[in-house]
Amino acid sequence: MKKLISLLLLLLSLNIFAQNIDKEHQIDTEFFIPIEKSNLYTRVVGNPDKPIIITLHGGPGAFNVDHEFLRNVFEKDYLMVYFDQRGSGKSDEWKDKTMLTTDQFVKDLDIVVDYIKNKYPDKKINLLGSSWGGMYGFLYLIKHQDKINSFISNSGTANVQHNSLALIKHERQLANELIKKTDDAAKIKRYKEILKELDVIEKSGFKSFFKDMNTIRYEFPKDLGFDVYWAQPDKKVKIDQLLKDPDFYTRNKYTPELLEKVMARFEYINEVFHGQESYNNLNILDEIAIIKTPILVIQGELDYAIGTESGKMIYKALKNVPKKDKELVYIKNASHNVPAEEPEQLYQSLTAFFAKHN
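Quick note on our numbering: the sequence shown kicks off at 75 and runs consecutively.
The following block contains the structure:
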């Protein structure tokens with residue numbers, strides 16, 4: 075259940091921009107896109123006369139229920155494409171670890187883009203990636219930017235290794251500060267244990283990081299008094315409310331049982347990726363310099379899941395995107411779950427950027 079909640083936190087968005095959507099000019103269709111040795115579940119919802127936005131969900135290994143959260147934000151003015159990545163969600167189950175790689179996922183996305191372009195021709199195609207979806211979008215643009223009109227990276231990264239090192243640095247600083255502030259022998263012992271384990275994790279080279287990732291993102295923060303994903307933890311209650319709402323499952327064509335099933339897939343795929351040294355140390359900051367596509371980089375100012383400097387690093391690395399076509403937005407009082415914590419600021423930035431470039 076912890077993983078389920080974490081996933082939904084990454085995706086949660088509030089429908090603050092209610093739109094009067096003309097249902098007569100809307101479509102809502104489902105199909106599978108054939109890729110190499112598999113098929114990807116895809117749902118297309120919105121205005122078929124408008125530009126296309128393909129959403130890239132988080133993970134790796136999560137699944138796409140963005141319709142629930144973007145329907146009142148984009149579906150009046152865009153044709154939204156929500157698909158589940160290889161092995162995820164309602165896509166075909168996939169266990170072959172040799173094809174659970176970033177290179178293969180880029181190939182998969184290219185097939186998706188071409189398929190959508192052929193099915194809905196003569197329309198601009200934009201990408202919206204959240205968390206891992208941000209990295210995914212950058213990886214795709216490096217090879218196929220000519221096919222994409224614009225891209226938004228929401229709480230994304232271009233340096234996975236930096237994410238981990240930045241969090242370790244933050245936790246080390248907190249532990250040292252807490253040692254100075256307490257006389258409690260038990261607490262001091264625990265903080266010193268954390269410091270020792272942080273050193274071990276940092277020196278490991280992140281060869282296999284799934285267990286260590288959960289340790290520094292979930293276990294240590296409890297003792298150190300902060301939350302990696304939340305600047306406003308009191309807003310977590312929205313997740314509990316969402317999971318108890320039968321209409322949530324109806325709108326997204328899910329059942330609680332199916333959700334549990336796809337969460338098992340999420341666990342598997344995420345562990346496979348974090349078992350790869352190449353993924354855990356992936357750094358494409360130099361490579362994204364080739365990109366010229368309009369880009370919005372947006373994140374919470376207190377996002378310790380990707381590091382508070384991640385957005386600035388990406389923006390600086392996008393050397394060939396004209397200044398008029400690239401934007402960097404930090405959302406105050408928000409962490410990795412910007413949509414739940416500061417939805418109005420987030421959606422204003424997203425809608426303004428896509429409106430400008432479409």
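For glycine and all other residues, C-beta sits at the position ideal for the given N, C-alpha and C.
Note that the coordinates shown come from a computational prediction; the quantities given were computed from them, not determined experimentally.
Compute the Euclidean distance between the alpha carbons of residue i and residue j, then round it to the nearest angstrom.
i	j	result
Lys150	Asn223	19 angstroms
Leu356	His99	43 angstroms
Tyr152	Ile268	48 angstroms
Lys281	Pro195	43 angstroms
Leu402	Asp158	28 angstroms
Ala305	Leu248	16 angstroms
Lys312	Gly381	25 angstroms
Phe91	Val302	Below a pLDDT of 50, predicted positions are generally treated as unreliable, and Phe91, at 45, falls in that range; the measurement from the model is reported next regardless. About 28 angstroms.
Leu370	Gly385	10 angstroms
Thr425	Leu130	17 angstroms
Tyr115	His431	28 angstroms
Asp140	Ile107	18 angstroms
Gly374	Asp308	16 angstroms
Ile199	Val274	44 angstroms
Asp188	Lys197	12 angstroms
Asp137	Asp257	Asp is not the amino acid found at residue 137; the sequence shown has Phe there. Cα-Cα distance, rounded: 46 angstroms.
Glu293	Leu317	24 angstroms
Tyr214	Val186	12 angstroms
His348	Ala379	15 angstroms
Phe284	Gly230	19 angstroms
Val412	Ile405	7 angstroms
Under 7 angstroms Cβ to Cβ from residue i, same chain only, skipping five residues before and after it: list those, please.
i	result
Leu272	Ile242, Glu245, Arg246
Glu142	Phe322, Arg325, Asn326
Lys366	Gln219, Asn394, Val395
Lys254	none
What residue range does the alpha helix (DSSP H) around residue i cover?
i	result
Asp184	176–193
Ile275	259–277
Ser224	Unbroken run through Ser224 is the beta strand (DSSP E), 224–228; no alpha helix (DSSP H).
Phe428	417–431
Tyr292	Counting along the chain, Tyr292 falls outside any alpha helix (DSSP H), and DSSP gives it neither H nor E.
Pro320	320–325
Asn237	234–255
Tyr389	384–391
Gly207	206–218
Asp314	311–317
Figure out for me which residue from the options has the closest Cα to the Cα of residue i.
i	options	result
Phe428	Ser278, Tyr115, Ile128	Ile128
Met287	Gln306, Lys296, Lys221, Asn354	Asn354
Arg339	Asp166, Asp188, Pro417, Asn113	Asp166
Asp220	Lys191, Leu248, Ile253, Gly230	Lys191
Pro320	Lys309, Lys310, Leu333	Leu333
Lys310	Ser229, Gly230, Glu351, Ala408	Ala408
Leu252	Ala426, Pro295, Glu361	Pro295
Glu276	Lys261, Val302, Ala240	Ala240
Lys164	Ser112, Leu174, Asp170	Ser112
Glu345	Thr116, Asn146, Lys171, Tyr156	Lys171
Gly120	Phe106, Leu144, Ile107	Leu144
Ala260	Lys197, Asp297, Lys285	Asp297
Gln422	Phe283, Leu317, Val147	Val147
Glu383	His410, Lys398, Glu361	His410
Glu54	Thr176, Thr103, Lys266, Glu104	Past the edges of the chain, shown from 75 to 432, lies residue 54, and the structure says nothing about it.
Asp314	Ser229, Ala414, Lys263, Asn228	Ala414
Lys398	Pro368, Met154, Leu376	Pro368
Gly299	Asn250, Lys193, Leu201, Met337	Asn250
Which residues bound the beta strand (DSSP E) around residue i?
i	result
Phe157	153–157
Tyr404	400–405
Phe106	101–109
Can you give me the Cβ contacts of residue i inside the same chain, cut-off strictly under 8 angstroms, excluding the 5 residues immediately before and after it?
i	result
Val234	Met209, Tyr353, Asn354, Asn355, Leu356, Asn357
Lys217	Val180, Asp184
Ala363	Ala391, Leu392, Lys393, Asn394
Gln178	Glu110, Arg160
Leu359	Ala232, Asn233, Met387, Ile388, Ala391
Which residues in the same chain have their Cβ closer than 6 angstroms to the Cβ of residue i, if we skip the five residues on either side of it in sequence?
i	result
Ile101	Pro122
Ile290	Leu241
Lys335	none
His236	Gly381
Met75	Bear in mind that the predicted position of Met75 carries a pLDDT of just 48, short of 50, making it unreliable; the figure below should be weighed with that in mind. No residues qualify anywhere along the chain.
Pro125	Tyr152, Lys197, Lys198, Asn432
Met154	Val119, Gly120, Ile127, Phe148
If you measure from the CB of residue i, is any heavy atom of the ligand SAH nearer than 6 angstroms?
i	result
Gly374	No copy of the ligand SAH appears in this structure; indeed no ligand is present at all.
At 3 residues or longer, what runs of the beta strand (DSSP E) sit wholly inside the segment 118–164?
Annotation note: the segment 118–164 contains the following uninterrupted beta strand (DSSP E) runs of length 3 or greater, listed N- to C-terminal: 126–130, 153–157.
Where are the beta strand (DSSP E) runs, 3 residues long or more, that stay fully inside the segment 345–379, in chain order?
For secondary structure counted as the beta strand (DSSP E) over 3 or more consecutive residues, the segment 345–379 holds these complete runs in sequence order: 369–374.
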